[in-house]
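Residue numbers (the working numbering), protein chains in the order written: chain A, 591 to 944; chain B, 619 to 889; chain C, -13 to 263.
We treat Cβ as the ideally placed atom computed from N, Cα and C, and that holds for glycine.
Encoded as structure tokens, the structure appears first; notes follow it.
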Amino acid sequence: MSQRPAILVLKNLTKSFGKFNAVDGVDLDIADGEFFTIVGPSGSGKTTMIRMLAGMEPATSGDIILRGERINDVPANRRPTCMVFQSLALFPHRTVGENIEFPLKIRGVPPAARKEKALALLRQLRLPESYYGKSVLKCSGGERQRVALARALAFDPEILFFDEPLSAIDYKLRKTLEKELKDIHRETGKTFIYITHSLEEAMVMSDRIGVMRAGKLVQVGTPNEIYSAPRDKFVSEFMGDVNVIPVSLAGGKLISASFDRSFTPPGLPDGFASGHLVIRPEYMRFLDSPDDAENSLSGRLYNEYALGSRIQYQIRAGDHVFIVEKLRQQAPALDLDQSVLIGWDAKDSVLVRD
Amino acid sequence: MEGMSRSGRHALIWAWTIAVLVFLYIPGLCIFLASLTASRYFQFPIQRWGLDWWRKTFDSIEVHQLFKTSISIALAVMVIAVVIAFFGALAFARYNWKGRSIYQKLVLLPIFFPQSVLGLALLLWFNAIGLELSWKTAVFAHLVWIIPVVTLVISIQVYSFDPALEEAAFDLGATRWQVLREVTLPVLLPGIVSGSLFAFLLSWGNFPLSLFTTGADTTIPEYLYAKMVAGYTPGVPVLGTVSTLGAALLLLGGYWLIAMRRRQKNSREGS
Amino acid sequence: MAGFRNALPLIIFLAIGFAAPLLAVIGYSFMPERSFGLLHPPTLENYAAIFNGNSYISFGWSLLLAVLTVAFLALICYPIAYGLARVFGPWAPVITLLFTIPLFVSENVRLYGWLLFFIKNGVLLGTLKSVFGLELESWLFTRPMILLGMVYVYVPFMLFPMTLGVSMVPNETREAALDLGATRWQVFREVELPLSMPGIVIGFLLTFVLAVGAIAEAKILGGQTVIPITHDIEIAFTYAQNWPLGAALAVLLMLVVGILVLFVLRRFDLDAVLGRR
């Protein structure tokens, strides 16, 4: 990623509403042609951030630099960027074709050339050409999605922004559209900046992911880096169900106060004092004896849940609840309230600071 | 517009709105000023200020009678209009039924109708069926125009009403009457309150319908008009000011009530 | 049919209070001159009298003044409607209230306020005279003054439907158009105006219909420079004691208004304007 030149550089970008900083000093480089996703819970500032980048919200301070030029004061209609809105914001009084042609009409492109371009985009987005004259109000959710994307592509922007466009779509269709979007990204070679609250969605599509919390980017990295090496408890928990044990360093050992014992760490970071030991549920194993893994705990099976291809077990040990996941064909048959021994190897755990 | 900053545009819109509001309130201000003169005829700048005409007007038995008539009509209109319009609004916005679209347009027709012509039409109608004109026929005449307005006002509230609330109450064992009393009415209360205010105030200020339908009874707007045309005294602006201030106070009071209720509800939910 | 059951009281009331009186007017319009009952043999003489007379001048004035009123109000109210829907934020309810209050004061009283403002030795001319020593003729009893009165009286009737219309434009479509490169003017023409059209047209219709039926403005501020059609009708009913002629004039006015209203309303989905999703 780093060998490609940066198309967009953010320097100390801040947006304040009164005393509250919705976006708080963000620094970020986005490479040309990258699919970059900002993930965060609602209220983390991601929507404010993307609206600043698109020019719909003025930044309070900091710089937005597009190909070496500061564009803070360039209004949305003169920025070579384009956004696909959460509501899609299709023009309800216009047909599919007129919606797609809108940016071309604005630029004074003659009707014949407009139509040609619109039809090409319909084909590229796997919509039938007969949709050209159809009212957008008569299109289904997935079709509207494609029309919105086609309209943004017709603008031929340097960067496309996406503000959670798939959040209102049902699971199955969303999965299809995620893949399609990634294909379109590949076909067009444009820079995509996407925001979502779903890390799962971000994982599927992105080259890099930035995790946002309380207006700050807490971690930026490839999906793999974020998944396997979350920087803190927030990032690790944001990735879905994980096991988290509060720990602190005492006498060179990693001590858990609540279990009143020590655990074997995956290697101690410099200057670590206290934090959390994070273990993903698929790395947890059922053990026959405590010696089968570097760390082990005993507990009781409280409940089990079938998650499609996997089975998830909820194990209660002391005041803690642990989650273990196994592929269906490797899942043991257990009784409720049965005593079990669970454990993990140190290399499969991550030690994060608070 | 192009090239002007957003805040510049907004400042212009504010300035324009305030200018139009000033324009809207100039006549009221003039009437108020005219009521404060002590001389018989209005002349500006006022030479002799005084509240004599206010005292004279309030002491007048004729004026007391006017108030009684106007208030009786407005109260009767308010009560009848709100009851009919409440159900009318449910039919307008809550239920999907076959004739709804036609019904909606039928309800709007009287609003989209010149009131003076409507007043005359009612005069002919009362005459044709042999009704004697009095403040009661005026109530009927006001209702023809005011019920549709109140129906619209309540409908706007009904549009944001979730029918699932009624179904839930029904499902929980409430009778149809209990559903109405416990769920529908309380939820729609703000709309009903503003509908009542509209009904009272529109009736209070109405002139064209009253003119042809009150018979021997006289409302305040009718009296004022007669005095303006012939026999002006500063009692006219006094009464005009009183009726304007009364309307404004009632409206502000109602608005305050609704705002208070909303705040109360928010603080209850906000914890 | 819960809907019909709820609608029934209102439908019955409008049948007795609205439809029946209109039928009575139509009935009277076919009665012989100066009769006061409905039991005479029908005749067309009232309509003949109208077409041979000069009521068309009053009709013309009423229509012209109504059109001008609508045009002025459109320009005056659009920025305010836009402000109420988009700019004023927490102030919007208060401003709406301020625009509502005058609605509840008899228009006679308010127009009389303008009379006091413009009259010789009134608020305007009296001030000019005492402060600047200027002595001007009063502008009262002129045609522009009638127009001013009408524009003044009907502000809320244009403003409120227009505000509903402007608030129907989703903010994101506006932003999307800007984002796609449209200028402010293009956003207005391509997105805001067409999407707020339902509210705007209802405002036009309402003010036009009310202005065609206006009478007080011409009487109070216009002297006798213009006799609107409603004044003709009133004269027929009162001084002339010729109910059938008045009724025939009223029928013609109702035809103009009714056809226009039905034609425009037929094309509207009221649910969309008033906020049902």
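- A Cβ of chain B is located within less than 7 Å of the beta carbon of C/Ser116.
- Taking a cut-off of 8 Å on C-beta distances, the region 834 to 853 of chain B does not touch the region 768 to 787 of chain B, as fewer than three cross pairs fall below it.
- Assigned with DSSP and collapsed to three states, A/Cys729 falls in coil, not helix or strand.
- Approximately 7 Å separates the beta-carbon atoms of C/Ala233 and B/Leu742; this is inside 8 Å, confirming the contact.
- Membership of C/Val195 in the alpha helix (DSSP H) is indicated by the continuous run 179 to 198.
- A residue is called buried when at least 16 other Cβ atoms come within 10 angstroms of its Cβ; C/Pro28 does not meet this threshold and is exposed.
- Between the C-alpha atoms of A/Tyr722 and A/Arg736 there is a straight-line separation of about 13 Å.
- Burial of C/Asp165 is indicated by the presence of at least 16 other C-beta atoms within 10 angstroms of its C-beta.
- Close to chain A, meaning a Cβ-Cβ distance shorter than 9 Å, are the following residues of the region 154 to 173 of chain C: Pro156, Asn157, Glu158, Thr159, Arg160, Glu161, Ala162, Ala163, Leu164, Asp165, Leu166, Gly167, Ala168, Thr169, Arg170, Gln172, Val173.
- For B/Trp715, the chain C residues whose C-beta falls within less than 7 Å of its own C-beta are Met(-13), Gly(-11), Phe(-10), listed in chain order.
- Bounds of the alpha helix (DSSP H) holding B/Arg627 are 624 to 653.
- Under the three-state reduction of DSSP output, A/Leu618 falls in the strand class.
- Burial check for C/Met(-13): the Cβ neighbour count within 10 Å stays below 16, so the residue is exposed.
- Neighbours of A/His683 in chain C, taken as residues at a C-beta separation under 8 Å, are given in chain order as Pro180, Leu181.
- Using a Cβ-Cβ cut-off of 7 Å, A/Ser632 does not count as an interface residue toward chain C, since no Cβ of chain C sits closer than that to its own.
- Under the 7 Å criterion on CB atoms, A/Ala666 is classed as interfacial with respect to chain C.
- Looking from the CA of A/Phe692, the closest CA among A/Arg776, A/Asn667, A/Ile774, A/Pro871 belongs to A/Asn667.
- In this chain, the beta strand (DSSP E) harbouring A/Asn893 covers 885 to 897.
- In this structure, A/Ala863 keeps its C-beta atom at 7 Å or more from the C-beta atom of A/Asp935.
- For C/Pro(-5), the chain B residues whose Cβ falls inside 9 Å of its Cβ are Val701, Ile702, Phe705, Gly706, in order along the chain.
- Distances from the alpha-carbon of B/Lys754 to those of B/Gln882, B/Thr687, B/Leu863, B/Ile631 put B/Thr687 closest.
- C-alpha of B/Tyr659 to C-alpha of B/Trp671: approximately 12 Å in a straight line.
- Among the bridge pairs identified by DSSP, B/Asn714 is matched with none.
- Given a length threshold of 4 residues, each whole run of the alpha helix (DSSP H) inside the region 69 to 100 of chain C is given here in chain order: 78 to 86.
- Interface with chain B (7 Å Cβ-Cβ cutoff): C/Pro147 is excluded.
- Less than 7 Å separates the beta-carbon of A/Leu763 from that of A/Gly732.
- The continuous stretches of beta strand (DSSP E) do not include A/Leu877, and DSSP gives it neither H nor E.
- Using a Cβ-Cβ cut-off of 7 Å, C/Arg20 does not count as an interface residue toward chain B, since no Cβ of chain B sits closer than that to its own.
- Per DSSP, the continuous beta strand (DSSP E) segment holding A/Asp653 begins and ends at 651 to 656.
- Taken through DSSP and simplified to helix, strand or coil, A/Lys765 comes out as helix.
- By the criterion of a C-beta distance shorter than 8 Å, B/Lys845 is surrounded in its chain by Thr851, Gly853, Val854, once the five residues flanking it on both sides are discounted.
- Flagged as an interface residue toward chain B: C/Asn94, by a C-beta distance shorter than 7 Å.
- Per the DSSP secondary-structure output, A/Gly811 pairs in a beta bridge with A/Ile799.
- Excluding the 5 residues flanking it on each side, A/Ile690 has same chain C-beta neighbours closer than 6 Å at Ala708, Leu711, Ala740, Arg741, Ala744, in chain order.
- Only Thr216, Ile219, Glu220, Phe223 from the region 207 to 224 of chain C bring a Cβ to less than 8 Å from some Cβ of chain B.
- A distance below 6 Å between beta-carbons, with the five flanking residues on each side excluded, links A/Val616 to the following residues of its chain, in chain order: Leu600, Leu603, Leu807.
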